[in-house]
Each structure stands twice: as structure tokens, then as C-alpha cells.
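Undergrad:
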């Protein structure tokens with residue numbers, strides 16, 4: 001992912017009002033982000049703990065999604081739908097997003113299970129364990145990175161376009 005300015009981030013949200021975009025809090029350490037190690041930018045709002053944001057590059061343009069932490073607790077330990085990490089060092093939570101446009105105004109939402117702190121980019125970059133003799137661990141890591149990008153892109157497009 002390439003570096004994005006604060007103004008570009010605020011303008012990128014497709015399912016947020018002007019007010020919601022204006023009050024969002026950027027992630028801690030925004031100026032020091034290692035953009036080349038991110039497949040998307042995701043963070044929880046420090047001031048609004050039930051709110052989170054994701055910005056992904058779709059067709060060369062940043063697209064932002066406003067997420068809300070779903071009420072209730074998940075009874076079992078779920079797997080993140082984006083990084084699919086089975087050795088999670090972190091919690092997975094259920095986020096919902098209002099679809100963009102008319103669908104969102106009618107109340108249409110979509111949900112996904114994601115790492116609570118959006119650690120997916122870090123998770124997929126860990127070298128996987130040796131599965132068998134001759135297993136190409138680096139190729140497996142690259143496949144996980146590509147799969148993460150595909151999952152995030154599909155979710156963001158789903159929210160942006162309002163249809164699956």
C-alpha cells in the first residue's frame with residue numbers, strides 16, 4: 001500500500017456522512033506507519049470505541065469504509081475472514097458496515113469477522129510452519145498476502161457497490 005494523506009483518507013469514505021468523516025480520529029502513530037507492510041489501513045477510533053475504519057486501494061484509488069463493532073459476544077473463538085490466521089495472537093470481532101448509497105440509506109448492512117485491532121497484514125507476513133519436506137514457506141506467505149488483499153478488496157467493493 002502507498003502512503004495516503006489525512007485529507008485523502010477523510011475523502012475516501014463511501015459509507016460515512018460528512019460529519020462522520022470530519023470527526024474520525026486517525027490511528028495512533030499515523031505519521032510513522034510502514035505503508036509498504038500494509039495491505040490495507042485499519043484502525044479503531046480511540047474516541048468512539050464502537051467505531052472502526054478501513055481504507056483499501058481499489059482500482060488504484062483509496063476507498064474507506066466505516067465499521068461498527070457489533071453488539072454481543074461471540075461464543076467460540078472465530079477465525080478472521082480476512083487473514084484466515086489459525087494461530088491468532090489476537091481477538092477476532094464482528095464488524096458491520098452500512099452499504100454505500102441508496103442501499104445504506106435503506107439500512108442495508110454487511111458484516112465480517114476481522115482481527116479486533118486489524119493485525120491481518122502482520123499475521124499474513126509471518127513465515128508459516130514447515131508443513132512437509134520441500135514445502136515452500138515463502139511462496140505460502142505470498143499466497144496468504146495475496147489472499148488477504150483479495151478478501152479485503154471483495155468486502156470493500158461489496159460495501160461500496162451495494163451488491164455482491
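Residue numbers (the UniProt record's numbering): 1 to 164.
By construction, the Cβ of each residue, glycine as well, lies at the ideal position given by its N, Cα and C atoms.
Fair warning: this is a prediction, and the values are worked out from it, not measured in the lab.
(1) When you compare only the Cα positions, how much space is there between residue 164 and residue 91?
(2) Is it true that the stretch 32 to 39 meets the stretch 119 to 131, where meeting means three or more beta-carbon pairs spaced less than 8 Å apart?
(3) Using the rule of at least 16 other Cβ atoms within 10 Å of the residue's Cβ for burial, across every protein chain shown, is residue 51 buried or exposed?
(4) In or out: residue 130 buried (at least 16 other Cβ within 10 Å) or exposed?
(5) Tell me whether the beta-carbon of residue 156 lies closer than 8 Å to the beta-carbon of residue 3.
(6) With distances taken between CB atoms, is the gap from residue 94 to residue 113 smaller than 8 Å?
(7) Taking 8 Å as the limit between beta carbons, can you name the residues of its chain near residue 153, skipping five residues before and five after?
(8) Would you check if there are 3 or more beta carbon pairs closer than 8 Å linking the stretch 11 to 18 to the stretch 96 to 107?
(9) Would you please state the rounded distance, in angstroms, between the beta carbons of residue 8 and residue 62? I believe it to be under 8 Å.
(10) Taking its Cβ as the centre, do 16 or more other Cβ atoms sit within 10 Å of residue 143, making it buried, or is it exposed?
(11) Going by beta carbon distance, what residues of the same chain come within less than 7 Å of residue 97, once the five residues before and after it are set aside?
(12) How many Å lie between residue 33 and residue 45 at the Cα?
(13) List the endpoints of the continuous alpha helix (DSSP H) containing residue 153.
(14) What residues match up with residue 124 in a beta bridge as DSSP calls it?
(15) So, are the CB atoms of residue 100 and residue 162 less than 8 Å apart?
(16) What does the alpha-carbon distance come out to for the pair residue 6 and residue 139?
(17) Per DSSP, what kind of secondary structure is residue 164 in: helix, strand or coil?
TA: Taking the structure as given:
(1) Residue 164 sits at position 164 when you count from the first residue of the chain shown. Residue 91 sits at position 91 when you count from the first residue of the chain shown. Only weak support is given to the placement of residue 164: the predicted model assigns it a pLDDT of 45, under 50, and the question is left unresolved by the model.
(2) yes
(3) Working through the chain shown from its first residue, we reach residue 51 at position 51. When all chains shown are included, residue 51 counts as buried.
(4) As a working mapping, residue 130 is identified with position 130 in the chain shown. Under this definition residue 130 is an exposed residue.
(5) For the purposes of this step, residue 156 is taken as residue 156 along the chain shown, with counting starting at 1. For the purposes of this step, residue 3 is taken as residue 3 along the chain shown, with counting starting at 1. For residue 156 and residue 3, no; Cβs fall outside 8 Å.
(6) The residue labelled residue 94 in the question sits at position 94 within the chain shown. The residue labelled residue 113 in the question sits at position 113 within the chain shown. Yes, they are a contact pair.
(7) Here residue 153 is taken as the residue at index 153 of the chain shown, counted from 1. So the list reads 56 and 58, once near-sequence residues are dropped.
(8) yes
(9) By one-based count along the chain shown, residue 8 stands at place 8. By one-based count along the chain shown, residue 62 stands at place 62. Between residue 62 and residue 8 the Cβ distance is about 6 Å, and since that is below 8 Å, they are a contact.
(10) Taking the first residue of the chain shown as position 1, residue 143 is located at position 143. Counting Cβ neighbours within 10 Å, residue 143 comes out exposed, since fewer than 16 surround it.
(11) For the purposes of this step, residue 97 is identified with residue 97 of the chain shown, where counting begins at 1. Result list for residue 97: 15, 65, 66, 67, 109, 110 and 159, in chain order.
(12) Residue mapping note: residue 33 aligns to position 33 of the chain shown, counting from 1. Residue mapping note: residue 45 aligns to position 45 of the chain shown, counting from 1. Whole-angstrom Cα-Cα distance: 16 Å.
(13) As a first step, residue 153 is located in the chain shown; it is residue number 153 there, counting from the start. Unbroken alpha helix (DSSP H) run through residue 153: 137 to 161.
(14) Here residue 124 refers to the residue found at position 124 when the chain shown is read from its first residue. Residue pairing by DSSP places residue 124 opposite no residue, since no beta bridge is assigned to it.
(15) Stepping through the chain shown from its first residue, residue 100 is reached at position 100. Stepping through the chain shown from its first residue, residue 162 is reached at position 162. A contact, by the Cβ cut-off of 8 Å.
(16) Locating residue 6 in the chain shown gives position 6, counting from the first residue. Locating residue 139 in the chain shown gives position 139, counting from the first residue. Near 34 Å, if we compare the C-alpha coordinates of residue 139 and residue 6.
(17) Locating residue 164 in the chain shown gives position 164, counting from the first residue. With a pLDDT of 45 at residue 164, under the threshold of 50, the modelled position of that residue is not reliable, and the figure given next carries that caveat. Three-state DSSP puts residue 164 in coil, outside helix and strand.
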